[in-house]
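Residue numbers (this note's numbering): 18 to 87.
Where a beta carbon is used, it is the ideal one built from N, C-alpha and C, also for glycine.
Being a predicted model, the structure only gives us computed values, none of them experimental.
All remarks here apply to the structure that follows.
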């Protein structure tokens with residue numbers, strides 16, 4: 018920039034930097050989204066597995082000790 022005026026080249030350089038920063042921000046966001054999604058999926062799988070194991074244990078307990086009301 019000379020004498021406080023903005024040239025076409027100045028604008029093109031700014032546009033290029035803006036594109037680079039935007040591309041990096043998008044890439045960073047996509048990476049964080051993938052990481053958070055993977056963690057959420059892992060957490061859900063862990064909770065589901067724990068629930069299934071608890072239900073399986075209850076089922077074994079009920080089949081081992083039949084209801085005496087009959």
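*residue 24 to residue 46, Cα distance in whole Å?*
CA-to-CA, the gap between residue 24 and residue 46 works out to about 33 Å.
_Please report the straight-line C-alpha distance between residue 60 and residue 74, rounded to a whole angstrom._
Cα-Cα distance, rounded: 21 Å.
*Between residue 27 and residue 55, what straight-line distance do the alpha-carbon atoms span, to the nearest angstrom?*
Answer to the nearest angstrom: the Cα atoms are 42 Å apart.
_Taking 6 Å as the limit between beta carbons, can you name the residues of its chain near residue 76, skipping five residues before and five after?_
Apart from sequence neighbours up to five positions away, no residue of its chain approaches residue 76 with a beta-carbon distance below 6 Å.
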